[in-house]
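K.L.:
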Amino acid sequence: MGPFEYLWLSIFTIFVMVALVRKYPNELGTTIIIFATLFLITYLAAPKMPGLINSLYARVFDASVTQRQMQHALASIFSLGFMAAVFASYAGQTLSFPGKPAPGWKGSVYSLLVGVMNGYLISGTLWYFQDYYQYPIADFGLLYLPLTPTGETIAAFLPPYVVPPAFWGFLVAVMLLFRVRK
């Protein structure tokens with residue numbers, strides 16, 4: 001494994017540990033926010049953002065955006081927006097599922113499973129933004145390409161590659177139905 005895989009694994013592990021502390025009812029609320037953010041970014045923002053950036057850049061600088069500048073802008077905007085949504089979902093009063101966590105080892109296993117899912121979604125989505133836009137972070141010397149074979153294998157299974165954009169919206173609806181059911 002290379003540096004990018006270790007960074008991904010570190011972020012993943014941190015969110016698994018956070019889930020074990022917060023317990024799964026709170027983590028499932030965060031999962032809804034992650035799903036909603038992924039839907040907004042992949043289904044709504046990603047198709048429209050390049051045109052918006054091009055027109056804004058042309059108005060301000062009277063020039064067109066190069067492909068690499070566009071990749072930097074999109075990876076940065078989407079990563080920062082995603083991180084802001086994740087931070088907001090963990091901070092303060094959070095969306096959580098009603099009820100008390102299952103006692104004992106069952107509750108810990110549920111929390112671990114939800115933590116694994118959230119860790120995968122968060123770290124995988126941040127990696128996806130780098131992968132999809134040809135690793136703009138490498139231009140700053142923070143990552144050396146090419147990825148290792150393990151990294152290439154993992155990159156093929158990042159959340160937005162595995163789940164179609166519209167399906168994130170369906171997952172939000174399902175999770176909200178589970179949250180409000182009596």
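Heads up: the sequence shown begins at 1 in the numbering used here, then just goes up one per residue.
Positions of the beta carbon are idealized from the N, C-alpha and C atoms, including for glycine.
Pull up the distance between the alpha-carbon of residue 21 and that of residue 14, whole angstroms please.
P.N.:
Their Cα atoms are separated by approximately 11 Å.
K.L.:
Would you please state the rounded distance, in angstroms, between the beta carbons of residue 139 and residue 158? I believe it to be under 8 Å.
P.N.:
That pair is no contact at about 20 Å.
K.L.:
Grouping DSSP H, G and I as helix and E and B as strand, with all else coil, what is residue 134?
P.N.:
DSSP places residue 134 in coil when its eight states are reduced to three.
K.L.:
Could you tell me whether the region 65–74 touches the region 143–160, where touching means 3 or more Cβ pairs closer than 8 Å?
P.N.:
Short answer: they don't touch.
K.L.:
Closer than 8 Å by C-beta to residue 88: which residues in its own chain qualify, once you throw out the five before and the five after it? Chain order, please.
P.N.:
Only 33 meet the Cβ criterion.
K.L.:
Please give me, in chain order, every unbroken run of the alpha helix (DSSP H) with length at least 4 that falls completely inside the region 92–180.
P.N.:
Counting whole runs of 4 or more residues, the region 92–180 contains the alpha helix (DSSP H) stretches 104–132, 149–155, 159–162 and 165–180.
K.L.:
Use the C-beta contact count for residue 142: other C-beta atoms within 10 angstroms, 16 or more gives buried, fewer gives exposed.
P.N.:
With fewer than 16 other Cβ atoms within 10 Å, it is exposed.
K.L.:
Flag this pair as touching only if the region 165–172 and the region 35–43 have three or more C-beta atom pairs under 8 Å; answer yes or no.
P.N.:
Yes: the two stretches touch, three or more of their Cβ pairs being nearer than 8 Å.
K.L.:
Does the beta-carbon distance from residue 2 to residue 135 come in below 9 Å?
P.N.:
No, these two residues do not count as a Cβ contact at 9 Å.
K.L.:
Check whether the Cβ atoms of residue 94 and residue 31 lie closer than 9 Å to each other.
P.N.:
No, the Cβ-Cβ distance between residue 94 and residue 31 is not below 9 Å.
K.L.:
Return helix, strand or coil for residue 66, following the three-state DSSP convention.
P.N.:
Residue 66 falls in the coil class under three-state DSSP.
K.L.:
Cα separation between residue 113 and residue 84?
P.N.:
Approximately 23 Å, taken between the alpha carbons.
K.L.:
Apart from the five residues just before and just after residue 73, which ones in its own chain have a Cβ nearer than 6 Å to its Cβ?
P.N.:
Closer than 6 Å at Cβ, skipping near neighbours: 53.
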